[in-house]
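Report on the structure given below.
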Amino acid sequence: MIGVKDFIGYYDWTFEYLRSNYGEQAVQDYWLRAISIDSQRHARALIEAKGFNGMEEYWGHTLAMEEAGYTFDRGEDYFRIDMFACPSKGHLIQRGLAAYHDYCEHCMGWIKPVMDDAGFVINHEHNHAGQCYWEMRRAWDLLAEPPPNRGPHDVRSLPPEVWQQEQHHRYVNSEGIEEEP
Amino acid sequence: MGWSAYGRPLVSAGDFYFAINATFRFIHDTYGKDALVDYWRSMAREYHAGVAERFRGGGLEEVRRYLADYFAHEPGGDVSVSLTERGVELDVHDCPAIRWLKDGGREIVPYYCEHCHYVSTAIAEQAEMSFTLQGGGGACRQVFSSNGGTA
């Protein structure tokens with residue numbers, strides 16, 4: 001009865017179950033140990049072995065399986081995903097589900113440890129409405145500010161009524177920076 | 182630079198089974214078996230409350246309809262759903278979860294199959310039905326029946 005058809009709903013509910021029973025740190029521990037290290041070991045293996053090519057191979061497979069609306073962008077010094085229609089957040093929004101207070105944070109919760117261990121940093125921003133970008137760079141290749149707009153496929157080029165909705169969380173060089181209202 | 186876009190009809194992502202298996206292991210290894218059972222029962226009471234309401238309102242025909250649709254969206258496996266005089270019988274010849282985990286080379290937690298017992302029993306109780314399960318490890322028979330045992 002716990003299948004993959006409605007996995008996103010259980011997943012969101014599980015975050016809140018852990019938080020309400022064991023505290024917020026338990027959710028962080030869950031993303032690290034259960035998801036980043038255990039469940040997503042295939043992603044770790046690909047990214048640690050192949051770097052940017054491994055990222056493209058992993059996300060090319062998994063985002064296609066999840067029917068995401070997204071683009072890839074590769075530069076010499078970065079690998080980038082622009083998510084126009086996140087399938088997970090979209091599933092929750094369509095069904096009015098929001099058990100946990102910040103579902104979107106689970107991606108940083110499991111991807112950041114993968115990138116830490118593989119020698120990459122993450123530049124990322126999400127708007128809690130199904131749009132986000134991810135730009136991974138080598139760990140020594142730090143930015144002073146969020147990466148420049150990459151063009152029409154950059155999610156930040158979406159109309160303000162789409163991209164600017166809801167609260168934003170932003171990360172530069174894998175570190176959280178100030179939230180935009 | 183190369184970029185691509187995707188957009189396809191709804192099909193469930195089988196790799197989510199990896200996360201389900203890992204979630205059971207995390208709760209079991211961190212908080213113990215009783216905590217894992219509480220997780221399953223709580224999920225049935227809270228997350229599946231709407232499913233139980235559908236079953237209570239629509240009876241066994243609604244159970245059959247729900248399960249047939251549910252397993253039609255699970256990737257792989259071989260499951261048949263039928264409404265008989267015993268109730269709604271779910272014959273799992275090749276469990277899609279166990280199949281996906283095995284094919285993915287994952288170590289399946291030994292208590293994986295127990296979640297079906299605990300979750301479905303709690304849903305059935307809310308729907309004023311009964312649930313039984315025989316088998317496991319990739320092949321089992323599950324039956325939802327009206328209290329009294331007949332359809």
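Residue numbers (this note's numbering), protein chains in the order written: chain A, 1 to 181; chain B, 182 to 332.
No residue lacks a Cβ here, since even glycine has one placed at the ideal position from N, Cα and C.
The beta strand (DSSP E) with residue i in it runs from where to where?
i	result
residue 138(A)	132-138
residue 275(B)	269-275
residue 326(B)	320-327
residue 167(A)	Residue 167(A) -> no beta strand (DSSP E), and no H or E assigned at all.
residue 314(B)	310-317
residue 69(A)	69-75
residue 248(B)	Unbroken run through residue 248(B) is the alpha helix (DSSP H), 230-254; no beta strand (DSSP E).
residue 85(A)	78-85
residue 263(B)	259-264
When DSSP labels each residue in this structure, what does residue i get in the three-state scheme?
i	result
residue 287(B)	coil
residue 104(A)	coil
residue 4(A)	coil
residue 40(A)	coil
residue 174(A)	coil
residue 182(B)	Note that residue 182(B) has pLDDT 31, beneath the 50 cutoff, so the model's placement of it is unreliable and the number below is only indicative. DSSP places residue 182(B) in coil when its eight states are reduced to three.
residue 293(B)	coil
residue 113(A)	helix
residue 143(A)	coil
residue 12(A)	helix
residue 51(A)	coil
residue 156(A)	helix
residue 96(A)	coil
residue 149(A)	coil
residue 278(B)	helix
residue 194(B)	coil
residue 20(A)	helix
residue 45(A)	helix
So, under 8 Å CB-CB, residue i and residue j are touching, yes? Tell me the CB distance rounded to an integer number of Å.
i	j	result
residue 172(A)	residue 255(B)	Contact doesn't hold; Cβ gap of about 40 Å is too wide.
residue 103(A)	residue 7(A)	Residue 103(A) to residue 7(A), Cβ: 13 Å. No contact.
residue 36(A)	residue 113(A)	4 Å
residue 147(A)	residue 123(A)	5 Å
residue 80(A)	residue 10(A)	Contact doesn't hold; Cβ gap of about 30 Å is too wide.
residue 273(B)	residue 260(B)	5 Å
residue 120(A)	residue 95(A)	The Cβ separation is near 34 Å, so there is no contact.
residue 323(B)	residue 314(B)	5 Å
residue 58(A)	residue 34(A)	Rounded, the Cβ-Cβ distance is 18 Å, inconsistent with contact.
Could you tell me the boundaries of the alpha helix (DSSP H) in which residue i lies?
i	result
residue 126(A)	Not the alpha helix (DSSP H): residue 126(A) falls in the beta strand (DSSP E), residues 120-126.
residue 203(B)	197-212
residue 27(A)	24-29
Any beta carbon of chain C sitting closer than 9 Å to that of residue i?
i	result
residue 52(A)	As a matter of chain content, chain C is missing from the structure shown, whose protein chains are A and B.
Compile a chain-ordered list of the residues in the stretch 209-238 of chain B whose CB is closer than 9 Å to at least one CB of chain A.
210, 211, 212, 216, 219, 220, 221, 223, 224, 225, 227, 228, 229, 232
Residues from the stretch 291-323 of chain B in contact with chain A, defined by Cβ distance under 8 Å:
296, 297, 300, 301, 304
Using a Cβ-Cβ cut-off of less than 9 Å, give me the residues of the stretch 18-42 of chain A that come near chain B, in sequence order.
18, 21, 22, 26, 29, 30, 33, 34, 35, 37, 38, 39, 40, 41, 42
Name, going along the chain, the residues of the stretch 239-273 of chain B whose beta-carbon falls closer than 8 Å to a beta-carbon of chain A.
251, 252, 254, 255, 256
Going along the stretch 119-132 of chain A in order, which residues come within less than 9 Å of chain B, judged by CB to CB distance?
none
Which residues of the stretch 196-208 of chain B have a Cβ closer than 7 Å to any Cβ of chain A? Give them in chain order.
196, 197, 198, 199, 200, 201, 203, 204, 206, 207
Which residues of the stretch 58-88 of chain A have a Cβ closer than 9 Å to any Cβ of chain B? Give them in chain order.
60, 61, 62, 63, 64, 65, 66, 67, 68, 69, 70, 71, 72, 73, 74, 75, 80, 82, 84, 85, 87
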